[in-house]
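The sequence shown begins at 1 in UniProt numbering and counts up one residue at a time.
Every residue gets a Cβ at the ideal spot worked out from N, C-alpha and C, and that includes glycine.
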Amino acid sequence: MIQSMTGFGKASLQLANKKITVEVKSLNSKGLDLNVRMPSVFREMELGLRNQIAQKLERGKIDFSLFVEVTGEETSAKINVPIVKAYIKQMKDVIGDADETELMKMAVRMPDALKTEREEIDENEWGNIQGVIAQALDNIHNFRVAEGVSLEKEFLIRISNILSLMNETVALDGERLETVKTRLLASIEELKVNVDENRFEQELIYYLEKMDITEEKVRLENHLNYFIETIAGTEANGRKLGFITQEMGREINTMGSKSNHAKMQKLVVQMKDELEKIKEQVLNVL
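What follows is the structure in structure tokens.
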């Protein structure tokens, strides 16, 4: 079953004094294009996290965000008391007597008035965060699978349309060849010249064989069946589907170049239109 590269997953967890939220967004891409945003305290875990995401999602333009919202009294920023006292003393020396409350307000805005202590990763907390990450990745995976089901239905409709149009094209083949033969005979009669009947028949057969689309019909039908088999597979197959559509396009184009018949050319244009719609959606397949 195919998967879409487009998806969204979110999960959150409320701890004693923090709320952890993970969001994962994905769009189509030729490879894995991963952007990770997370608090600096967890940066040492980023490499392992990237490997985890790559293993789960494989391909796509992926934006991963880890948000930590402090909901309790915990904070890593502390007032640098000696620095603040020194600022207040200096301001008193400059302006003399003043309201200490106002001096305090000014002092805490000065450089180095607050100091941030480096946090260490709490192993239990990181274990909880990993659980949220796994849940968010499962959610985006399920989203991709659901989108893949929709894509598969769309593909099967388009493949069926191409097959029907191809059969209509083949059904017109006898009429087309007879039309070409009649046109050639009429042209010779207009020239009012005598021709060798045997030689004419040989040349006509050769000409009609050059216009024969039987091989293209067989190959296109094989490609259509292979496309259906591939979307039913269990592995990531977006690239393979892209290659198959290229081969389908080659056979349809050859049919068009050989057709030399208005009704057949119209059907070929319709097949090309259906194929373009498939190509657009194949870009979204994992």
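Original post:
Taking Cβ to Cβ, would you say T254 is nearer than 8 Å to I244?
Top reply: Between T254 and I244, the C-beta gap is not smaller than 8 Å, which leaves the two residues out of contact.
Subject >> For G127, the nearest candidate out of M110, E251, M248, I20 (CA to CA) >> reply: Cα-wise, what sits closest to G127 is I20.
Original post:
To which residues of the same chain is L32 closer than 8 Å at the C-beta, ignoring the five residues directly before and after it?
Top reply: Excluding residues within five positions, the ones whose Cβ falls inside 8 Å are A54, L57, E58, R59, G60, I62.
Subject >> Which residues DSSP lists as bridging F155, in chain order >> reply: F155 is not bridged to any residue.
Original post:
Thinking just about the alpha-carbon of each residue, which of L286, R158, A171, M211 is nearest to the one in K181?
Top reply: Answer by Cα proximity: M211.
**OP:** Please classify Q90: is it buried, with 16 or more other beta-carbons within 10 angstroms of its beta-carbon, or exposed?
**Re:** Exposed.
Original post:
Just how far apart, CA to CA, sit K240 and F64?
Top reply: K240 and F64 have their alpha carbons spaced roughly 27 Å apart.
Original post:
Rounded to a whole number of angstroms, what is the C-alpha to C-alpha distance between G174 and E247?
Top reply: C-alpha separation (whole angstroms): 26 Å.
**OP:** Can you give me the Cβ contacts of V145 inside the same chain, cut-off strictly under 6 Å, excluding the 5 residues immediately before and after it?
**Re:** Its chain contains Q3 as the residues whose beta carbon lies nearer than 6 Å to that of V145, once the 5 sequence neighbours on both sides are disregarded; these appear in chain order.
Original post:
Where do the ends of the alpha helix (DSSP H) carrying I62 lie?
Top reply: No alpha helix (DSSP H) contains I62, which is instead part of the beta strand (DSSP E) from 60-70.
Subject >> Neighbourhood of M264 by C-beta distance below 7 Å, restricted to the same chain and skipping five residues each side >> reply: Taken in chain order, the residues that qualify are T169, L172, R176.
**OP:** Could you tell me the distance, in whole angstroms, from the CA atom of D112 to the CA atom of M106?
**Re:** Distance between the alpha carbons of D112 and M106 is about 13 Å.
Subject >> Secondary structure of E23, DSSP reduced to three states >> reply: Assigned with DSSP and collapsed to three states, E23 falls in strand.
**OP:** For M104, collect the residues of the same chain with a Cβ closer than 8 Å to its Cβ; drop the 5 residues on either side in sequence, then sort them by chain order.
**Re:** Answer for M104: V84, I88, listed in chain order.
Subject >> With 16 other Cβ atoms within 10 Å as the buried cut-off, status of T214 >> reply: Looking at its Cβ environment, which holds fewer than 16 other Cβ atoms inside 10 Å, T214 is exposed.
Original post:
What is the DSSP secondary structure of I2, counted as helix, strand or coil?
Top reply: The answer is coil: DSSP assigns I2 none of H, G, I, E or B.
Original post:
What first and last residue would you give for the alpha helix (DSSP H) that runs through S259?
Top reply: Start and end: 238-259.
**OP:** Measure the C-alpha to C-alpha separation of M5 and K279 and round it to an integer number of angstroms.
**Re:** Cα to Cα, the separation comes out at about 15 Å.
Subject >> Three-state class that DSSP yields for A16 in the structure shown >> reply: In the three-state scheme derived from DSSP, where H, G and I count as helix and E and B as strand, A16 is classed as coil.
Subject >> Boundaries (first-last residue) of the alpha helix (DSSP H) holding L34 >> reply: Here L34 belongs to no alpha helix (DSSP H); instead the beta strand (DSSP E) covers 32-37.
Original post:
Where DSSP assigns a beta bridge to T9, which residues make up the other side?
Top reply: The displayed chain sequence assigns Gly, not Thr, to residue 9. Paired residues: V24.
Original post:
Does DSSP classify I213 as helix, strand or coil?
Top reply: Collapsing the DSSP output to three states places I213 in coil.
Original post:
Going straight from the alpha carbon of Q130 to that of Q14, what length do you get?
Top reply: Rounded to the nearest angstrom, the two C-alpha atoms are 14 Å apart.
Original post:
For L49 versus V36, is the C-beta distance shorter than 8 Å?
Top reply: Yes.
Original post:
If you draw a straight line from the alpha carbon of E152 to that of A136, how long is it in whole angstroms?
Top reply: The straight-line gap from Cα to Cα measures roughly 24 Å.
Original post:
Is it the case that the Cβ atoms of F42 and K25 are separated by a distance below 8 Å?
Top reply: F42 is not a Cβ neighbour of K25, given a cutoff of 8 Å.
Subject >> Counted within 10 angstroms of its Cβ, other Cβ atoms place G238 as buried (16 or more) or exposed >> reply: Label assigned to G238: buried.
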